[in-house]
Ligand SMILES: Cc1ncc(COP(=O)(O)O)c(C=O)c1O
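In my numbering, the protein residues as written are 2 to 394.
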């Protein structure tokens, strides 16, 4: 039978990072010594008080459906955090939805906003899933390539240059995976004015909001008066609290948009797991010293790895301002492209990194290294990379 699968999926690619994780696992299983610097999964354990809260919930039989919006106490904790951090006021009753993962929060937001034929601006390099999710929603991603020479700075001119009458939304991600940039006040002002001028919805993925290396440097577009009523703010627990396997996130925004997000959630995943959400409450309301401890370690990793890579002739590498990735420019090293470089690094160094091309136009010529593994793994991986990349080929 022809066309057993949906035609729209013909344009959708597998997640490059998940495919690489599979590759690293199968090489390890085949007995090869592999150092995996491809994944965005913190090596830390989930904080004890979060584990306790979920275990207690299980022990007391808290194992049934919750409201599709999520537990009221978790929604309140999310709304309180938003107002405390950035002054953004959202009604926990109607303007916050707890989702099974930030990934689903982005997906539900796009599904809530997009019609077939719509287009979505995505500054790139960007996280691998945005463009594919836009396609799953039947719409078209329009990449806005940023330039390494400008430290991947976003500007109104770059956005205007890609504007078409079909653009309905823009996806932002700060702190940014993979570049480690944190959007500054001038970039956010440009985005606010641009999106208001063209009446666009902003989907702002702030999953790395806690992982910044200058205090309070993370700002959300929802803070800008032009944006409060047009922004869906996404975040989650995976990165800040080392809770990747829990699959817990959230999205907040103005009621009109959130009513639509809720429809997507109710008719797809229903809601996030009940006892998982109890863990989320403990994470948001409990002791934050584990988060600080993790950020301090990422800070040490970024400084050390940045220093080491900067010694390799031909490599240019900006010091990340947030998130836990390094995104060195390897275009002067003579590889045909970033995929060839990543492949060569697996073969020659046994180190798995992500080719920059996976992050869209603007990412080519770079590789992404994750600083989320343990210090020993980061040091061993980066040392091996530096050794092989310094040798004549
Ligand atoms: C930018 C970005 N958004 C969202 C996610 C997904 O987060 P979650 O684990 O909550 O689905 C990731 C994970 O790597 C990410 O890098």
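Cβ atoms here follow ideal geometry from the backbone N, Cα and C, with glycine treated the same way.
Remark: C-beta atoms of residue 376 and residue 298 approach each other more closely than 8 Å. Here DSSP, grouped into helix, strand and coil, assigns residue 211 to coil. Taken in chain order, the complete beta strand (DSSP E) segments of 3 or more residues contained in the stretch 33-111 are 97-100. Around the beta-carbon of residue 207, 16 or more other beta-carbon atoms lie within 10 Å, marking it buried. With fewer than 16 other CB atoms across the displayed protein chains lying within 10 angstroms of its CB, residue 94 is exposed. With respect to residue 273, residue 99 sits close: the two C-beta atoms are nearer than 8 Å. Put simply, the backbone Cα of residue 304 is about 13 Å away from that of residue 371.
Taking the CA atoms as reference points, residue 115 sits about 16 Å from residue 130. Nearest neighbour of residue 106 by Cα position, chosen from 142, 237 and 144, turns out to be 237. Here DSSP, grouped into helix, strand and coil, assigns residue 299 to helix.
When distances are taken from the beta-carbon of residue 20 to the heavy atoms of ligand 1, even the shortest one reaches 7 Å or more.
Taking a cut-off of 8 Å for Cβ pairs, the stretch 204-224 and the stretch 71-82 do not touch, as fewer than three such pairs fall below it. For residue 369, the uninterrupted beta strand (DSSP E) run begins and ends at 368-371, by DSSP. Just measuring C-alpha positions, the residue of 359, 348, 88 and 316 sitting nearest residue 387 is 316.
Listed by position along the chain, the residues with Cβ atoms less than 6 Å from a non-hydrogen atom of ligand 1 are 41, 102, 103, 104, 128, 174, 178, 206, 208, 237, 239, 245 and 250. Partner residues in the beta bridge of residue 141, as assigned by DSSP, are 120. Ranking 89, 335, 336 and 345 by CA distance to the CA of residue 227 puts 89 first. By the C-beta criterion, the stretch 108-124 is judged to be in contact with the stretch 133-151, since at least 3 inter-stretch pairs fall below 8 Å. Between the stretch 311-327 and the stretch 177-190, the count of Cβ pairs shorter than 8 Å is three or higher; the stretches touch. Rounded to whole angstroms, the gap between the alpha carbons of residue 270 and residue 70 is 11 Å. The residues 133, 136 and 137, in chain order, have a CB closer than 8 Å to that of residue 13 in the same chain once the five nearest residues on each side in sequence are set aside.
CA-to-CA, the gap between residue 231 and residue 190 works out to about 14 Å. Contact check for residue 213 against residue 109 fails: the beta carbons are separated by 8 Å or more. Only exposed fits residue 246, as fewer than 16 other CB atoms lie within 10 angstroms of its CB.
Per DSSP, the beta-bridge partners of residue 205 are 173 and 234. Burial check for residue 47: the Cβ neighbour count within 10 Å reaches 16 or more, so the residue is buried. Restricting attention to 344, 239, 381 and 7, the CA atom closest to the CA of residue 209 is found in 239. DSSP, read as helix, strand or coil, puts residue 180 in coil. Looking at 225, 254, 242 and 248, the one whose alpha-carbon comes closest to that of residue 235 is 254.
Only residues of its own chain outside the window of five on either side were considered, and among them 44 have a CB closer than 6 Å to the CB of residue 374, listed in chain order. DSSP places residue 315 outside both helix and strand once states are collapsed to three, so it counts as coil. Between the alpha carbons of residue 382 and residue 68 lies a gap of roughly 44 Å. Distance from the CA of residue 203 to the CA of residue 310, rounded to the nearest whole angstrom, comes to 35 Å. Pairwise C-beta distances place the stretch 281-301 out of contact with the stretch 152-162, as fewer than three of them are shorter than 8 Å.
Taking the Cβ atoms as the reference, residue 352 lies roughly 5 Å from residue 385, within the contact range of under 8 Å.
DSSP places residue 327 within a strand segment (E or B) once states are collapsed to three.
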